[in-house]
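Written below as structure tokens is the structure these notes are about.
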Amino acid sequence: MKSINYSKFKALLKNWVFWLILITGCAIIIRSIPAWLNVAWGCDFGIYYGITKSVAQSGVIFPPYIGWGSSYNYFPVLFSVNAFFSWITGIEILTLMPKLTPIFGGLAVLVFYFFTNQLIENKKIALLCTLFFAFMPFHVYQTSHASPLTMGHFFMMLSLYIFLKYRKNVKYFFPLLVSTILLVMSHHLSTYFYLISLIGIVFVENVCSNENTTTFKKDIIYILITSIFIFSYWAFIAKPVYENFISGFSVGGIRFESIFIIIIFYLFLIFIFLFVIKYIRRLNSYISNHYKNEKSNLIRLFLLFYPFIKKKWPSRRSRIFLFLIVLIVILGGMLLFTNLEMPWVGFAFTYVSIIYALPLMVAIAFGVAGNRYIWYIKNGIFIRGWLIALVVSFFLMLITNNIIIFPHRHLEYIMAPLAILIVYGIGGIFSDPLYKGFFKQLKSKKDVIVTYTTGKIKIPQKNRFIQICIILILILSLASTTYVVHKALNASDERITAEAIYTIEWMSENLDKNNSMIASDHRLARMAEAEGFNTTKDETIEIWESEKLDEFIFELIGIGKNHSRITHIIIDDIMKNDVVHVHFGEIKYMTNETWTAAYDKFKNEPFEIVYRNETIDIDPITLEPLHWAEVYRVNWTYIEEIYLPSIKYNISQ
């Protein structure tokens, strides 16, 4: 009986389905951790929670939205899915939404496996790639949120997978169209990255071949149909996206509207697919014929970075050298920004955050080291085109300091192709890059000899053992640092506690929503908006770090702001003890180890505490209740009758 059970267990371990289910389960669990440790999670959660409630209550797919930001209500997939499951289960949206949505983030990992296996046609390597993708920090962190981008990542990966199927069989066109529509209706940023990825893939595949690929016409037809639907959806339904996301520009006082951007896009497509491809092919041919064995260092350097010609099989020594160089460059760049704020995010790295980021740095270095090998794997040019599109967009947004598509938002989308490159990079350094010998029996102490067209590779048994250890250590390190590295940045804290929820519920029952103006950080202000309150929409900035009323009276009154006088202020333990995330790029601190004056001012006029909710448990560091939230009323009688006359200020001026 024991031998039978052992045989079944051994067979189970050899079954790729078992490992895929295990990896997918782990992917879902790690993305669900914040939702199970907190009542809610995400600085923007209140936006999506409020819209989902509106969808559930009204049955309207595109409900009106007047809170902070714009266009969210025009991407209904997230809201409709959660409203539907709330309806069929009877579970409250506040309870269901933070826990259901990350499951789709984990399922994106499942789809990634089928996509990768379809692409490279190797189940074992596809499983390894999926294992890394399951724990890539930027993707894990972003898809842990109950937000449109989580659904966007899922449908983007699904669309890429069905796109591969469509290339082989046109019968998949309709499923691809459905998936694409759901992507477009999920998240505009994911849609943008999907579109540029397709263009990059088709372009690079064709410039790297002597003639058009067999799927070229089908690819172009799909890209045209997809782009037309995207622009039509933005122009006629998600109008704020059309007006802002693809906003026009001015040259010499002449305004070019959004339609001009769309015209440029299609002219660009015509130009690169009809002309650029032909000229690059000629250049490739010329380089191959004249500079194949060039000894000039300048030309060799150009050829090294030229992305459209197949490179020689790299030596292991060159991969190790490249790995170390990349690691040093990334580490140096992060150290540089410990004293300088990054221009597009408004904060600097802390030394602790750099330590926690080391596993990701190592993973990126392995990925860069593995980049050369994609020339030698099936459909490797597909991966190269995908990556080139994302990297080009990243540097373009970085150079132009774009405030619509922030450079750092590219990183979560780069995680997918990077996960594939990491596997080949590790293989190239420790055993063989294409894993012909890695999966041999580890019990055998004999060396494994792998034959490639470039020669033979000898792989000692200890190298394979070291490689397995490196993979496991790196995976565990990536998984364990995903959330702590973000907290170590001390730039935002996305936890929403039960005490904060109870406080906002008290406000909803006891305050006049029509005559109240609420100020808080971005996180709690959005939750207040979800309950129907008016907020300052992140225009209160100085109040959080200021000590004296003189320094922020203009914010209370609303001078130079788009809000009326503030009536109430919400503060919780996170705002006091950690960080006040006013909005993206605007960070304030109310206290530090020796200073509490910015918070203490709320104990005095013109503020009066009207409600406080706290836990019984005590924080061992602050010696306060572990979590708490407070509501302060602004005493306008004091301001108008005592404070303003004392400084001879006329409130009507």
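The opening position of the sequence shown corresponds to residue 56 in the working numbering, with each subsequent residue numbered one higher. No residue lacks a Cβ here, since even glycine has one placed at the ideal position from N, Cα and C. None of these values were measured; they are calculated from a predicted model.
Short of 7 Å from the beta carbon of K366, and not among the five residues preceding or following it, lie these beta carbons of its own chain, in chain order: R427 and W430. The Cβ atoms of I484 and I383 do not sit closer than 9 Å to each other.
If you compare the alpha carbons of A293, I121, T79 and N545 with that of E586, the shortest gap goes to I121. Contact annotation, V195 with T537: C-beta distance approximately 5 Å; criterion of less than 8 Å satisfied. The beta carbons of I85 and A201 sit no closer together than 9 Å. Burial of K108 is indicated by the presence of at least 16 other C-beta atoms within 10 angstroms of its C-beta.
With 16 or more other CB atoms across the displayed protein chains lying within 10 angstroms of its CB, Q522 is buried. Using a Cβ distance threshold of 9 Å, C263 and I436 count as a contacting pair. DSSP places P89 in the helix class (H, G or I) of the three-state scheme. Here the C-alpha atom of M572 lies approximately 36 Å from the C-alpha atom of H208. Listed in chain order, the non-local C-beta contacts of P369 below 6 Å within the same chain comprise R427, local neighbours out to five positions each way being set aside. Between P192 and V540, the C-beta gap is smaller than 9 Å, which places the two residues in contact. The three-state reading of DSSP puts H682 in coil, since its state is none of H, G, I, E or B.
In the three-state scheme derived from DSSP, where H, G and I count as helix and E and B as strand, T590 is classed as strand. A distance below 6 Å between beta-carbons, with the five flanking residues on each side excluded, links F392 to the following residues of its chain, in chain order: A403 and F404.
Between the C-alpha atoms of L77 and L322 there is a straight-line separation of about 47 Å.
When the beta-carbon positions are compared, Y557 and F248 stay at least 9 Å from each other.
By the C-beta criterion, the segment 351-363 is judged not to be in contact with the segment 287-295, since fewer than 3 inter-stretch pairs fall below 8 Å. Sixteen is the threshold: when 16 or more other Cβ atoms of the shown chains lie within 10 Å of the Cβ of L476, as they do, the residue is buried. Judged by DSSP in its simplified three-state form, F662 adopts strand. Between the C-alpha atoms of V296 and H242 there is a straight-line separation of about 11 Å. Exposed is the label assigned to H463, since fewer than 16 other Cβ atoms lie within 10 Å of its Cβ. With 16 or more other CB atoms across the displayed protein chains lying within 10 angstroms of its CB, W123 is buried. Judged by DSSP secondary structure, M572 falls within the beta strand (DSSP E) whose first and last residues are M572 to A574. Secondary structure note for I626: its beta strand (DSSP E) is the uninterrupted segment H623 to D627. Taking every protein chain shown into account, the CB of V634 has 16 or more other CB atoms within 10 angstroms, so this residue is buried. In this chain, the alpha helix (DSSP H) harbouring H194 covers P192 to Q197. A474 and Y227 have their alpha carbons spaced roughly 26 Å apart. Residue nearest to V166 within the set Y129, E147, F218 and F139 is F218 (criterion: CA-CA distance).
The residues D274, in chain order, have a CB closer than 6 Å to that of V257 in the same chain once the five nearest residues on each side in sequence are set aside.
Check the Cα spacing between K603 and each of T651, C81 and E594: the tightest is with T651.
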